[in-house]
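Keeping their order, the protein sequence lines are chains A, B, C and D. Here the first sequence is numbered in full-length UniProt numbering, starting from 1 and rising by one per residue. Here the second sequence is numbered in full-length UniProt numbering, starting from 1 and rising by one per residue. Here the third sequence is numbered in full-length UniProt numbering, starting from 1 and rising by one per residue. Here the fourth sequence is numbered in full-length UniProt numbering, starting from 1 and rising by one per residue. Working notes, beginning with the structure itself.
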Amino acid sequence: MIKKVEMLISQRRIIALDTVELTLKNKYISQTARPGQFLHILVEGHSLRRPLSIASINKVAETITVLFKINGPGTKKLSEYKNGMYLDVLGPNGNGFQIEEHDNTILLIGGGIGVPPMYFLGKHLVEQGKKVISILGFQSAGHVFYEDEFEALGRTIIVTNDGSYGEKGFVTDALRLVEDFDCYYTCGPLPMLKAVTAKLNDCSGYISLEERMGCGVGACFACVIPTNDHFGYKKICKDGPVFHSKEVSL
Amino acid sequence: MIKKVEMLISQRRIIALDTVELTLKNKYISQTARPGQFLHILVEGHSLRRPLSIASINKVAETITVLFKINGPGTKKLSEYKNGMYLDVLGPNGNGFQIEEHDNTILLIGGGIGVPPMYFLGKHLVEQGKKVISILGFQSAGHVFYEDEFEALGRTIIVTNDGSYGEKGFVTDALRLVEDFDCYYTCGPLPMLKAVTAKLNDCSGYISLEERMGCGVGACFACVIPTNDHFGYKKICKDGPVFHSKEVSL
Amino acid sequence: MTDLRIELPGLQLKNPIMPASGCFGFGREYSNFYDLSKLGAIIMKAATGTKRYGNNTPRVAETSSGMLNAIGLQNPGVEKIIASEVPFLSNFDTSIIANIAGSSIEEYVAVAAAFNEAPQVAALELNISCPNVKEGGIQFGTDPLMAAEVTAMVKRVSDLPVYVKLSPNVSNIVEMAKAVEKAGADGLSMINTLTGMQINLKSRKPLLANKTGGLSGQAIKPVAIRMIHDVSQHVSIPIIGMGGVTSAEDVLEFLLAGASAVAVGTANFQNPFVCSELIDELPSILDKYGFSSVSDVIGKGVIV
Amino acid sequence: MTDLRIELPGLQLKNPIMPASGCFGFGREYSNFYDLSKLGAIIMKAATGTKRYGNNTPRVAETSSGMLNAIGLQNPGVEKIIASEVPFLSNFDTSIIANIAGSSIEEYVAVAAAFNEAPQVAALELNISCPNVKEGGIQFGTDPLMAAEVTAMVKRVSDLPVYVKLSPNVSNIVEMAKAVEKAGADGLSMINTLTGMQINLKSRKPLLANKTGGLSGQAIKPVAIRMIHDVSQHVSIPIIGMGGVTSAEDVLEFLLAGASAVAVGTANFQNPFVCSELIDELPSILDKYGFSSVSDVIGKGVIV
Ligand SMILES: Cc1cc2nc3c(=O)[nH]c(=O)nc-3n(C[C@H](O)[C@H](O)[C@H](O)COP(=O)(O)OP(=O)(O)OC[C@H]3O[C@@H](n4cnc5c(N)ncnc54)[C@H](O)[C@@H]3O)c2cc1C
Ligand SMILES: Cc1cc2nc3c(=O)[nH]c(=O)nc-3n(C[C@H](O)[C@H](O)[C@H](O)COP(=O)(O)OP(=O)(O)OC[C@H]3O[C@@H](n4cnc5c(N)ncnc54)[C@H](O)[C@@H]3O)c2cc1C
Ligand SMILES: Cc1cc2nc3c(=O)[nH]c(=O)nc-3n(C[C@H](O)[C@H](O)[C@H](O)COP(=O)(O)O)c2cc1C
Ligand SMILES: Cc1cc2nc3c(=O)[nH]c(=O)nc-3n(C[C@H](O)[C@H](O)[C@H](O)COP(=O)(O)O)c2cc1C
Ligand code: FES
Ligand code: FES
């Protein structure tokens, strides 16, 4: 269940170009959040909350980590929050990734700010004894983060658009480097999701989507996406942000 | 000349009920401000600046002190600023108190948040070798501030509306306790200024006025007051806030 | 004890606070945050004759102290709302107000008539002011003759009191208010959103897929207060006020301006508890400013 | 180098930034902050036929991301402005635009005619949209026939290009724009303020002595962008855009929406250097979004 909580910022780190990691303290969310869920964060001076995926939790320390890219004025302001300050947060929002018992080897594909939820998921999968392969795409060397963290989970391929680090190109270009996975999970910008789902059309997969949100809880109909039956719709904030790759129409 | 400056908050003290003293560091304003002038302060999240009188300056330490009462949302927010933070300030604004060479004994009458400019003026007058008597009115004992500071300048009479400290009543009730002054200077709420100027109709005096302001520099015509010739007007921010008691129509 | 009750046509409100249409869905999500029985009333999301998908996304954009929305009246259609949503809401001890919309007078009339079959619904809010649909909506809301006509037609078929929701995008709001009062409106609801737009600098296109959207939130409060103040002097039917309400002080300001109750929209997105908190804070705010009841405040700030 | 120049009827602007009428007085105060020669143009405070005192105080109130003002056209009268203010401003290498107002067509015409005797003035801005005076002002701004008439009459006597300043308080802004274009307007200036009100909870009265005031500042930007976007598609005369401009990104947004230049009002009160800073920042913002000149941007965000 979504609660409205005050979260103490216990650590703030710049982990890559324009990319900030915040570690937040809250018992309820740290104990209940599942991979794929997000926090809906109030930023001072801004009328709409900002959705940010949960990048990991620590049940013992009772902390939640989020990672974000400084994008517009809201994330800029959020990047100026300091240790010891509190955030007004709704969470955990949305439905997490569905994990199929029978899948053993899992491919994670993250692009840019779509990488954080992949990390939480990857950690969770490894804890469940699954094998994880990760393809992570970034703009350039300066934007790369969490490489070691993903390496600790399994084989990790880094791709940069400009080739300044790892493979050059898009995450889809790196798909040829991996084979034999049972299911894929992906999060990233819409063009990437379109390319990935098209290329992996024959595989079972789950995608995590972004859309501009109002309420973040399912009440305002801001964040709908048509379902693939050309008939219905889903709310990204409430029914998602994770969907089966065949469920919605990108 | 008015400049736009960044001022470091070097000290923040609660000095009475809902009353905050901020000591601000800035060379230019500390060297140029005269008693009666004010600062026009930008408060985060607020579209209009807040005018606050200069309560004292320290040319050596290069600091300026302002005192304010927590009134509405803007002063509430300002009261939450902490040491080490910076304020965006226009200053020094307005014209200060005119001081007549030939006046020797001077009566200062301050009410509530009208007390701060009286202190800067009183210090200045004493430095010039004048004799100062002060009547300071507050709501109640809890609101009294700067009593010792004024005592150091000369005889000081404290009046509280509810009689919980000093004399009971209004500053005008205390006027019978003083005699033989050459000129008076007053600042406080409009009803007080009206009562004071009426009662001291035969004396020479200067009043410092408040009005809601836009620009604070004389460009927007928000803060005008009719002159007593029923013909013209003055801008409080630019021509004032100090006027001769006979000059404007309260 | 401060008396928060207020009686309006068809509505015996325990307090004057209700969520605004479209900002609270059909209550399900917010019922997880607090007990909806606490609310004076609930205004449901707009109902149309048949199901609508609404506009493409993006449907919302942030603005200074406000937001733009162009949802486009997405809803499952009046029958489904009566079958699935009204029963859920009637579990709570609060009045249900149905917001009705349409592309034609016939559609408004059909939706209004359908709600006669839902005894749990206490009143209709006639949305003649939605700026986000191609047909109907705002046209009815900017032409006094059309507004009067749709009001009269709906009144003819409906057993329920009708609150007409006015658009602020007009030269003369008083004229609109008088026109619908004369046509039989039992109350007014104002204001709906101001038409606005944001352009995305990167794409060089309007950010919302619908291009324009409705501006709501604190930014528009002065416009709402002005219109309610002016209208309340010229009509004798009560006004449900809205537009930027965020704090208990805002509630008081709307009541002073002449509103008899207050709806809260955009603020729910910042704080899902806002309606509940306003109800808690209202007694002490009334007390602070010298009022002993809500009815005592209404219109006290109106200067003719 | 990014080309900031823009040519409009009667105006060869070195850049598209100018202070908005009423928010910069006659330039004296702000000339202490920076060299006014930097500005694309300066729009002076409204001039009327004879001196006006304006409304009682309080004349301004703060709102969320905006402010209300009800100055009431205080000014020393057109003759005095020509004698004392225009000469001061003509010390600077920038175009002077005179904002003219009145209570009657005769007054508008007289003021316009008077400015023929001031060769330093490059253009007129016809203020038919001031919400803060009892007579004239906004009446002319909400009725297309009256707006057209005053425009035509002013055009008849004036040697200068006339930019008509439109009120946003209308049901149909495009209709207003077309009416004044047909009547001979050389350009448009939009938007003036939205009518608003704030009620003081303690006094239980409207805070402004004039009761209502004009809402300006960032709060109204989405309304301005929408109106400029819509109007620019239906007229062929240029638009000076305004309403909440605070940042160089805002300037770009107004240009994309179809404005050819931009006026800055309320933001001067927060930051007296704002116009100067916008001029400095504009080249890099244009560059960031892939434009090499101001004229390149105009209307690029308009989708028909
Ligand atoms: C479910 C979900 C999870 C997300 N997780 C992350 C994450 O882990 N890390 C991260 O860096 N970013 C994430 N995003 C994107 C992030 O929410 C936006 O980058 C951020 O809201 C932009 O705010 P801004 O103030 O910087 O930008 P502005 O453009 O100023 O924002 C204006 C408005 O648009 C919305 N908006 C702008 N871009 C986006 C976007 N891409 N998606 C949704 N709303 C947007 C904002 O929320 C705000 O309401 C996620 C988005 C969603 C929907
Ligand atoms: C020249 C001058 C000097 C002043 N010096 C002091 C001082 O030294 N100490 C002090 O405590 N106060 C002083 N004041 C009053 C102080 O400016 C207001 O109390 C303060 O602006 C209120 O802001 P707020 O956000 O708390 O109230 P709000 O009511 O939320 O303010 C809303 C708007 O109204 C304006 N406003 C509200 N009350 C006043 C007022 N009394 N005078 C002018 N504008 C007002 C605010 O500036 C703001 O624009 C002075 C005012 C003036 C004009
Ligand atoms: C996301 C959103 C959806 C809305 N949907 C409706 C609607 O379906 N019917 C309606 O009459 N008003 C609708 N409105 C308008 C609100 O009910 C309200 O009139 C307006 O938002 C002003 O109030 P606020 O500033 O408190 O949000 C909607 C507003 C928002 C923000
Ligand atoms: C204090 C003040 C005074 C104004 N006076 C005038 C005026 O005399 N003539 C006029 O045409 N517009 C006047 N305006 C309107 C502005 O020129 C401008 O159209 C409006 O404020 C919107 O721009 P902004 O949001 O940048 O302030 C005034 C605005 C303010 C805030
Ligand atoms: S953001 Fe409101 S329904 Fe998804
Ligand atoms: S505040 Fe603008 S003239 Fe005084």
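Note that CB positions come from ideal geometry on N, CA and C, so glycine has one too.
C-beta neighbour in chain C for T212/D, strict 8 Å = Yes, because at least one Cβ of chain C sits closer than 8 Å to the Cβ of T212/D.
Evaluate F273/C with the Cβ neighbour count: other Cβ atoms within 10 Å of its Cβ, from every protein chain shown; 16 or more gives buried, anything less gives exposed.
-> Classification of F273/C: exposed, given that the 10 Å Cβ count is below 16.
At a cut-off of 7 Å, is K4/B close to ligand 6 when judged by its beta-carbon and the heavy atoms of the ligand?
-> No, the beta carbon of K4/B sits no closer than 7 Å to any heavy atom of ligand 6.
Unbroken alpha helix (DSSP H) runs of length 4 or more, entirely within the region 238-304 of chain D: which are they?
-> Segments of the alpha helix (DSSP H) lying fully in the region 238-304 of chain D: 248-257, 267-270, 274-288 and 294-297.
Neighbour flag for H46/A against chain C, beta carbons, 8 Å | Interface annotation, H46/A: in contact with chain C, CB-CB separation under 8 Å.
Kindly say whether N32/C, judged by its beta-carbon, lies nearer than 8 Å to any beta-carbon of chain A.
-> N32/C has a beta carbon lying within less than 8 Å of a beta carbon in chain A.
Can you name the residues of chain C whose CB is closer than 9 Å to the CB of H229/D?
-> Here the neighbours are M197, I199, P206, K211 and T212.
Beta-carbon proximity check, K238/B vs I225/B, cutoff 8 Å | Contact: no.
Sequence ranges, beta strand (DSSP E) only - wholly within the region 124-186 of chain C, length at least 3 | Runs of the beta strand (DSSP E) inside the region 124-186 of chain C: 162-165.
Using 10 angstroms around the beta-carbon of M7/B, count the other beta-carbons present and answer buried if the total reaches 16, otherwise exposed.
-> With 16 or more other Cβ atoms within 10 Å, it is buried.
For ligand 4, any of its heavy atoms closer than 7 Å to the Cβ of G25/D?
-> G25/D Cβ: outside cutoff for every heavy atom of ligand 4.
DSSP-derived helix/strand/coil call for P76/C = DSSP places P76/C outside both helix and strand once states are collapsed to three, so it counts as coil.
Taking the DSSP output, what are the residues bridged to H40/A?
-> H40/A pairs with P51/A and L90/A.
Run of the beta strand (DSSP E) containing R12/B, from where it starts to where it stops | For R12/B, the uninterrupted beta strand (DSSP E) segment begins and ends at K3 to A16.
Where the beta strand (DSSP E) through G110/A begins and ends = Counting along the chain, the beta strand (DSSP E) containing G110/A begins and ends at T105 to G111.
Under the three-state reduction of DSSP, which class applies to G74/B: helix, strand or coil?
-> Assigned with DSSP and collapsed to three states, G74/B falls in helix.
Quick one: residues in its chain with C-beta nearer than 7 Å to the C-beta of T32/B, no 5 flanking neighbours on either side, listed in chain order?
-> Within the same chain, T32/B has close Cβ partners P92.
What's the call for A61/B, buried or exposed, on a 16-neighbour Cβ count within 10 Å?
-> With fewer than 16 neighbouring CB atoms inside 10 Å of its own CB, A61/B falls in the exposed class.
Does M7/B come within less than 8 Å of chain D when only Cβ atoms are used?
-> Interface flag for M7/B against chain D is unset, since no Cβ pair is found closer than 8 Å.
So, is D230/C buried or exposed, given that buried needs 16 or more other C-beta atoms within 10 angstroms?
-> By the neighbour-count definition (other C-beta atoms within 10 Å, threshold 16), D230/C is a buried residue.
Quick one: residues in its chain with C-beta nearer than 6 Å to the C-beta of K155/C, no 5 flanking neighbours on either side, listed in chain order?
-> Excluding positions up to five away in sequence, the list reads V162 and G184.
Under a three-way DSSP split, which group does S66/D fall into?
-> First, the residue type needs correcting, since residue 66/D is Gly and not Ser in the sequence shown. DSSP places G66/D in strand when its eight states are reduced to three.
State the Cα-Cα distance for the pair T94/D and D35/D, rounded to the nearest angstrom.
-> Whole-angstrom Cα-Cα distance: 10 Å.
Could you tell me the distance, in whole angstroms, from the CA atom of K202/D to the CA atom of K165/C?
-> K202/D and K165/C: Cα-Cα distance of roughly 30 Å.
Does DSSP classify K131/A as helix, strand or coil?
-> Of the three classes helix, strand and coil, the one that applies to K131/A here is strand, per DSSP.
Is I225/A near ligand 5, with its Cβ less than 7 Å from a heavy atom?
-> No heavy atom of ligand 5 is found nearer than 7 Å to the CB of I225/A.
Hey, how far is the Cα of P144/C from the Cα of V170/C?
-> The alpha-carbon atoms of P144/C and V170/C are separated by roughly 10 Å.
Give me the Cα-Cα distance between L11/D and A123/D, rounded to the nearest whole angstrom.
-> Approximately 7 Å, taken between the alpha carbons.
Comparing alpha-carbon positions, which option in T246/D, N192/D and D159/D lies nearest V223/D?
-> With distances taken between Cα atoms, V223/D lies closest to N192/D.
Reduced DSSP secondary structure (H/G/I, E/B, other) of H244/A = Of the three classes helix, strand and coil, the one that applies to H244/A here is strand, per DSSP.
Using a Cβ-Cβ cut-off of 8 Å, state whether T57/D counts as contacting chain C.
-> Against chain C, the CB of T57/D has no partner CB under 8 Å away; the residue lies outside that interface.
Given that a residue counts as buried once 16 or more other Cβ atoms are within 10 Å of its Cβ, and exposed if not, what is K221/C?
-> Answer is buried; the Cβ neighbour count reaches 16.
Beta-carbon gap between L39/B and L52/B smaller than 8 Å = L52/B sits close to L39/B, with the two beta carbons spaced by under 8 Å.
Could you check which residue in A248/C, H234/C, S247/C and N55/C has the C-alpha nearest to that of G258/C?
-> Residue H234/C is the option with its Cα nearest to G258/C.
From L177/B to T105/B, what distance separates their C-alpha atoms?
-> Roughly 15 Å separates the two Cα atoms.
Hey, which residues come within less than 5 Å of ligand 1, measuring from Cβ to any heavy atom, in chain order?
-> Residues close to ligand 1 by the beta carbon criterion (under 5 Å to any non-hydrogen atom) are, from first to last along the chain, F38/A, L48/A, R50/A, P51/A, L52/A, S53/A, F68/A, K69/A, N71/A, G72/A, P73/A, G74/A, T75/A, I113/A, P116/A, E210/A, R212/A, P241/A and E62/C.
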